[in-house]
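Participant: Submitted below is the structure of interest, expressed as C-alpha cells.
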Amino acid sequence: MPALDLDALVAIDVHTHVEADGNHHCSLDQELLDASAKYFKPGVNRTPTVGDLASYYRERNMAAVIFTVDARTALGHPPVSSEAIAAEAAEHSDVLIPFGSVDPHDVSEAVARIGILARDYGVRGMKFHPSLQDFEPNDRKYYPIYEACAEHGLVALFHTGQTGIGAGLPGGRGIKLRYSDPMLLDDIAADFPDLTM
Numbered sequence: 314m315p316a317l318d319l320d321a322l323v324a325i326d327v328h329t330h331v332e333a334d335g336n337h338h339c340s341l342d343q344e345l346l347d348a349s350a351k352y353f354k355p356g357v358n359r360t361p362t363v364g365d366l367a368s369y370y371r372e373r374n375m376a377a378v379i380f381t382v383d384a385r386t387a388l389g390h391p392p393v394s395s396e397a398i399a400a401e402a403a404e405h406s407d408v409l410i411p412f413g414s415v416d417p418h419d420v421s422e423a424v425a426r427i428g429i430l431a432r433d434y435g436v437r438g439m440k441f442h443p444s445l446q447d448f449e450p451n452d453r454k455y456y457p458i459y460e461a462c463a464e465h466g467l468v469a470l471f472h473t474g475q476t477g478i479g480a481g482l483p484g485g486r487g488i489k490l491r492y493s494d495p496m497l498l499d500d501i502a503a504d505f506p507d508l509t510m
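Start counting the sequence shown at 314; every next residue gets the next number (the working numbering).
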C-alpha cells in the first residue's frame, strides 16, 4: 500500500463524502439525492465512487478524508458501508484517508462498530451529521460513542450549520438544522478534553 507523501501534497481536503459504492448503492434515497443535486448545482457528479475520488485527488496532488454518513434510523435507508469505504481507501492510501460513520441511535452497536472500524479497517476518525442522523449530539446518552472514539484515538468530525440535504423539499423533509448548531459541541469538547474534534 502506498503511503501519503505529505511533502508532495498541496492540500488535504478534510471533508469528502462517498455518496455511492461500487454497486451503485447511494447513501441517500433518490428524493434526497435529487434535491441535493439541485442545491449543489447540476453538472457535478453527486455519486463519485472511492476510485473516482482517488483519481480526482491524485490528479491534483491532493489527499482527502473520505466517509459516508450512517443515517439508517433517521432516513430509513441503508448507508454506504464504512467497512467497504475503508477497504477501498486502503488501495489508494497515497491519497485517501478513511473515516467511518455509525448510526448513533443504537449506542451499543455504534460503540462496537467504532472498535471494529478502528482496529480492523484502519479508520482514522468518525463522521457525525447530527441533522441528517436526527440526534442532539450533546445528549449524554451518546457519550459512550465519544468515549469509544477517544479510546481508539479517532477524530470526531461533526457537520455544523446548514445542510443542502433536504433543501427545496417540503419541511426540508424533516431534517432539523438545530441539531447541527456548533454550540452543542461545546459540551462534548468540555466533557471530552482528550477527544480530537
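We treat Cβ as the ideally placed atom computed from N, Cα and C, and that holds for glycine.
First and last residue of the alpha helix (DSSP H) that includes Met363?
Facilitator: Note that residue 363 is Val in the sequence shown here, rather than Met. Val363 -> alpha helix (DSSP H) spans Val363 to Glu372.
Participant: What residue does the alpha helix (DSSP H) around Lys351 start on, and which one ends it?
Facilitator: From DSSP, the alpha helix (DSSP H) with Lys351 extends over Gln343 to Tyr352.
Participant: Between which two residues does the alpha helix (DSSP H) containing Leu497 stretch?
Facilitator: Residues Leu497 to Asp504.
Participant: Over what stretch of residues does the alpha helix (DSSP H) that includes Asp433 continue unbroken?
Facilitator: It spans Val420 to Tyr434 - the alpha helix (DSSP H) in which Asp433 sits, taken as one unbroken run.
Participant: What does Leu470 pair with, by DSSP beta-bridge criteria?
Facilitator: DSSP, once it has assigned bridges, lists Lys440 as partnering Leu470.
Participant: Please state the DSSP three-state secondary structure of Ala384.
Facilitator: Reduced to three states, the DSSP call for Ala384 is coil.
Participant: Which of helix, strand or coil does DSSP assign to Asp320?
Facilitator: If DSSP states are grouped into helix, strand and coil, Asp320 belongs with the helices.
Participant: For Asn451, count neighbouring C-beta atoms within 10 Å of its own C-beta (all shown protein chains included) and say buried if the count is 16 or more, exposed if not.
Facilitator: Flag for Asn451 reads buried.
Participant: For a quick check, are the C-beta atoms of Leu430 and Ala376 less than 8 Å apart?
Facilitator: In this structure, Ala376 does not lie closer than 8 Å to Leu430 by Cβ.
Participant: Which value, in whole angstroms, describes the spacing of the CA atoms of Pro315 and Lys354?
Facilitator: When rounded, the distance between both Cα atoms is 34 Å.
Participant: Going by Cα to Cα distance, which pick from Thr381, Thr473, His405 and Glu396 is closest to Glu372?
Facilitator: When each option's Cα is compared against that of Glu372, the closest is His405.
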